[in-house]
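2 protein chains.
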Amino acid sequence: MTMSKSLQPTIRDIAREAKVSIATVSRFLNMPEKVRKETGERIQRIIDKHNYRCNFAAKALATQRTKTIGYIIPAVNNQIYSECARGVQDEAQLHGYQVFIASAEYNRQREKQMVENFLERRVDGIILTVSDSLGDIAQKLYQEKIPAVNLFNKQGCLPCVSVDNVQASYDATEYLIKLGHRSFAMLGVPFTASDRCRMRYEGFLHCLQDHDIPTHPQSFVQVSSNTLDCSEGVEKLMNSSNPPTAIFASNDLVAINTISALRRLGFEIPKDVSVIGFDDIPMAKHVWPPLTTVLQPGYRMGRQATSVLLDILRTGKHPEETIPSVQHDLIIRESSGVPPR
Amino acid sequence: MTMSKSLQPTIRDIAREAKVSIATVSRFLNMPEKVRKETGERIQRIIDKHNYRCNFAAKALATQRTKTIGYIIPAVNNQIYSECARGVQDEAQLHGYQVFIASAEYNRQREKQMVENFLERRVDGIILTVSDSLGDIAQKLYQEKIPAVNLFNKQGCLPCVSVDNVQASYDATEYLIKLGHRSFAMLGVPFTASDRCRMRYEGFLHCLQDHDIPTHPQSFVQVSSNTLDCSEGVEKLMNSSNPPTAIFASNDLVAINTISALRRLGFEIPKDVSVIGFDDIPMAKHVWPPLTTVLQPGYRMGRQATSVLLDILRTGKHPEETIPSVQHDLIIRESSGVPPR
DNA sequence: TTGTAAGCGTTATCAA
DNA sequence: TTGATAACGCTTACAA
């Protein structure tokens with residue numbers, strides 16, 4: 000049989016050899032029940048024989064759907080996001096979707112660039128974990144009518160799958176207070192790079208205030224979202240007039256870096272300083288000392304967000320009610336303890 | 000102006016409003032120099048006004064190239080692969096390519112499934128880090144004439160970017176021998192799940208033999224590639240008649256799990272047992288004790304592999320010479336030391 | 001149950 | 001420098 004010049008056989012080649020029209024082949028591929036059994040079997044044989052594979056670009060052009068979703072994360076090499084990415088992939092694959100993952104490295108410019116990329120590629124929907132709390136990305140997507148959901152933190156009026164960041168931090172802080180701590184600091188990335196960090200700081204502050212613990216502006220120390228290097232910040236903190244006995248890190252990676260920095264300065268954890276993180280990445284229990292932290296179930300959140308998005312794609316409508324917060328959990332390990340006296 | 004029913008304007012809408020043919024718009028988009036400056040400016044204005052975005056599916060169908068590459072990794076949540084994925088993404092994006100990342104979770108069946116997915120989507124090329132040393136995936140790709148390169152370990156006759164796994168393990172083992180160790184074990188995943196592990200075991204064995212250190216089959220202990228749980232393996236090892244004083248883990252994650260398991264059994268590291276890993280993931284220096292390990296420059300390797308692939312896509316030919324091995328490096332930290340006497 | 005033919009939004013060839 | 005027009009490989013009315 001003479002194939003089209005292309006290496007891959009097309010629906011047309013199959014149709015010719017099976018002595019049916021291309022419509023029938025297409026029908027067999029998409030709604031096999033609408034085609035006579037015999038005919039179908041004949042077509043299937045030819046398909047197998049030539050190893051025919053549907054051309055997705057052509058299909059996308061004809062159906063106006065790419066069966067692709069875009070997923071923007073702050074950083075691939077933070078395990079909380081890669082765990083989550085696994086969830087997204089698994090759920091997507093289950094429904095025949097493929098996912099483009101793009102790591103924006105906490106850079107607003109890159110976030111926008113990547114959304115633009117996704118739009119060119121006409122992804123069917125987008126999952127967003129972005130800094131931008133202003134929601135101009137969310138707004139653009141709304142304008143372009145492309146379904147999107149937030150993961151880890153909400154922006155604009157998109158549906159969002161996340162823990163209650165404020166409450167979770169409140170709980171963690173309260174735990175430290177109950178241990179007896181009265182002098183606190185928080186280390187985190189710039190709020191403009193992570194609204195999650197801002198919310199966690201909010202919960203932290205609220206809790207201190209509720210317990211009549213004085214707060215001062217220096218209680219938040221900013222670290223670079225690229226390097227997460229905490230040496231300088233920790234040094235300044237510990238040399239201040241009122242060094243903290245407990246440090247709340249905005250995520251586990253920051254916590255781990257904080258511990259390294261503290262140790263370099265000769266402090267013991269938790270004897271001299273307690274450190275608490277956020278995320279409970281798989282590595283949290285392996286560092287030394289094992290990290291007390293707030294658990295977010297990354298993999299499950301990834302699946303859920305995807306499932307919400309796929310629902311929107313299927314039904315064409317946004318979920319009626321706001322999605323309830325994902326359950327968080329305080330995991331107490333050995334990086335926290337009573338304050339030194 | 001009346002737009003097509005679709006939400007997104009098409010090249011046709013632009014052409015109509017700019018009073019030129021669609022061919023001219025297309026030309027302007029792809030070879031602006033071939034179009035009169037004035038005409039171009041007019042077109043550009045209309046494009047900006049309507050926020051026109053090229054439809055990639057249509058372009059892909061017409062050009063027979065998707066500007067997409069597929070990338071299969073064993074596990075996203077292993078930092079060595081996510082580091083590497085960053086490299087792949089960065090290099091790809093630089094040249095207008097988007098990448099599909101798929102994590103096969105050390106599962107051969109999934110690897111094949113994902114390659115099949117990629118082929119349906121007609122990716123332009125594939126980067127592979129797969130278990131399968133037999134090379135049947137490589138062979139299929141060859142058959143389908145789709146360019147591919149290996150990353151981290153070679154299979155079949157694909158170009159490969161990797162360190163010399165055998166030599167690197169040899170070096171690491173020799174370092175342990177020079178510290179005075181005479182009793183060894185290696186922990187790793189099944190060779191069928193990771194050919195990298197097989198090669199590292201090979202280097203390990205060679206080195207022992209070269210130094211007249213007796214080896215026995217029990218010196219390799221297999222751990223599950225999913226859980227990486229080492230408790231059982233470590234326990235059996237340490238309760239044997241000849242417990243090792245040095246353990247070579249096939250990668251850092253295994254090393255970290257091994258250390259946890261040893262500690263649970265009451266062993267101190269490196270006083271009782273030295274542990275050495277492979278990869279030097281960012282986390283390696285933060286665990287306790289900080290890990291002695293073999294560095295693979297993941298990010299750079301990702302970029303290089305992508306660059307090799309893009310070269311093939313551009314020139315249409317495979318590289319003439321085999322790619323020289325990437326430089327590895329032994330990073331000595333505190334998880335290794337002299338054996339107990 | 002099957003076939004015909006008109007899209008889908010580009011690129012690319014050829015002619016003007 | 002531009003314009004007509006035929007691909008590209010599929011889906012989907014509509015007709016048979």
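If you read the protein sequences in the order shown, they are chains A and B. Per numbering that gives the first Met the number 0, the first sequence runs over residues 0 to 340. Per numbering that gives the first Met the number 0, the second sequence runs over residues 0 to 340. Glycine is no exception: its CB is placed at the ideal position from the N, C-alpha and C atoms. Computed from a predicted model, the values in this text were never measured in an experiment.
**Request:** Could you please give the first and the last residue of the uninterrupted alpha helix (DSSP H) stretch that includes Thr305 of chain A?
**Result:** Gly297 to Thr314
**Prompt:** Ends of the alpha helix (DSSP H) at Phe203 of chain A?
**Reply:** Asp194 to Asp209
**Message:** Between which two residues does the alpha helix (DSSP H) holding Gly232 of chain A run?
**Reply:** Ser230 to Met237
**Prompt:** At which residue ranges does the stretch 13 to 79 of chain B contain complete beta strand (DSSP E) runs of 3 or more residues, listed in the order of the chain?
**Reply:** 67 to 72
**Request:** Kindly indicate if chain B contains any beta-carbon less than 8 Å away from that of Ala184 of chain A.
**Result:** no
**Request:** Mind checking which residues open and close the alpha helix (DSSP H) that includes Ser102 of chain A?
**Result:** Per DSSP, Ser102 of chain A belongs to no alpha helix (DSSP H); it is in the beta strand (DSSP E), Gln97 to Ser102.
**Prompt:** Touching or not, the stretch 180 to 187 of chain A and the stretch 223 to 237 of chain A, by the rule of three or more beta carbon pairs under 8 Å?
**Reply:** yes
**Request:** Please state if the CB of Ala245 of chain A and the CB of Ser224 of chain A are separated by a distance shorter than 8 Å.
**Result:** no
**Asked** With DSSP run on the structure shown, which of helix, strand or coil describes Phe219 of chain B?
**Response** strand
**Message:** Taking its Cβ as the centre, do 16 or more other Cβ atoms sit within 10 Å of Gln208 of chain A, making it buried, or is it exposed?
**Reply:** exposed
**Message:** Taking the alpha-carbon of Val162 of chain A as reference, which of A:Ala137, A:Ile145, A:Met198 and A:Ser182 has the nearest alpha-carbon?
**Reply:** A:Met198
**Message:** For a test of the three-state rule: what should DSSP assign to Leu6 of chain B, helix, strand or coil?
**Reply:** coil
**Request:** Check Ile268 of chain A in the structure and name its three-state DSSP category.
**Result:** coil
**Request:** Tell me, please, whether the CB atom of Asn241 of chain A is closer than 8 Å to any CB atom in chain B?
**Result:** no
**Request:** Could you list the residues in the stretch 102 to 119 of chain A with a C-beta less than 7 Å from some C-beta on chain B, going in chain order?
**Result:** Ser102, Asn116, Leu118 and Glu119
**Asked** Do you know how far the Cα of Gly134 of chain A is from the Cα of Tyr141 of chain B?
**Response** 46 Å
**Request:** Would you tell me roughly how many angstroms separate the C-alpha atoms of Ile10 of chain A and Ile79 of chain A, rounded to the nearest one?
**Result:** 43 Å
**Environment of Asp131 of chain A [buried if 16+ CB atoms lie within 10 Å]** = buried
**Prompt:** Do you know whose CA, among A:Arg181, A:Met300 and A:Leu329, lies nearest Asn152 of chain A's CA?
**Reply:** A:Met300
**Asked** Thinking just about the alpha-carbon of each residue, which of B:Arg26, B:Ile145 and B:Lys33 is nearest to the one in Arg313 of chain B?
**Response** B:Ile145
**Prompt:** With Asp278 of chain B and Gln295 of chain B assumed to form a contact (beta carbons below 8 Å), what rounded beta-carbon distance in angstroms separates them?
**Reply:** 6 Å
**Asked** Where are the beta strand (DSSP E) runs, 3 residues long or more, that stay fully inside the stretch 156 to 198 of chain B, in chain order?
**Response** 183 to 187
**Identity of the residue in B:Ala59, B:Leu236, B:Ile322 and B:Pro281 nearest Leu150 of chain B by Cα** = B:Ile322
**Prompt:** What residue does the alpha helix (DSSP H) around Asn256 of chain B start on, and which one ends it?
**Reply:** Asp251 to Arg263
**Prompt:** With a CB to CB cut of under 6 Å and the five nearest residues on each side skipped, what residues in its chain are close to Gly297 of chain A?
**Reply:** Ile79, Glu82 and Cys83
**Prompt:** Just the Cα atoms here: how many angstroms apart are Leu261 of chain A and Pro269 of chain B?
**Reply:** 23 Å
**Request:** Verify whether the separation of the beta carbon atoms of Asp251 of chain B and Thr292 of chain B is less than 8 Å.
**Result:** yes
**Request:** Just confirm the distance between the C-beta atoms of Ala137 of chain A and Gly155 of chain A, as a whole number of angstroms; I'd bet it's less than 8 Å.
**Result:** 3 Å
**Message:** Using C-beta distances below 6 Å, list every residue in its chain close to Ala345 of chain A, excluding the 5 sequence neighbours before and after it, in chain order.
**Reply:** As displayed, chain A neither begins before 0 nor continues past 340, which places residue 345 of chain A out of reach and without an answer.
**Request:** Output the boundary residues of the beta strand (DSSP E) element that contains Ile246 of chain A.
**Result:** Ala245 to Ala248
**Request:** Spell out the partners DSSP gives Val148 of chain B in its beta bridges.
**Result:** B:Ile126
**Asked** Smallest Cα separation from Gln92 of chain A: which of A:Lys66, A:Val19, A:Phe219 and A:Ala57?
**Response** A:Lys66
**Message:** Taking 8 Å as the threshold (beta carbon to beta carbon), is Ala260 of chain A in contact with chain B?
**Reply:** no
**Request:** Please name the residue, chosen from B:Ile46, B:Ala283, B:Phe117 and B:Ser249, that lies closest to Asp194 of chain B on a Cα-to-Cα basis.
**Result:** B:Ser249
**Item:** Rounded Cβ spacing between Glu173 of chain A and Cys196 of chain A (contact assumed at less than 8 Å)
**Value:** The Cβ separation is near 19 Å, so there is no contact.
**Request:** For Val337 of chain B, count neighbouring Cβ atoms within 10 angstroms of its own Cβ and tell me buried if that reaches 16, exposed if not.
**Result:** exposed
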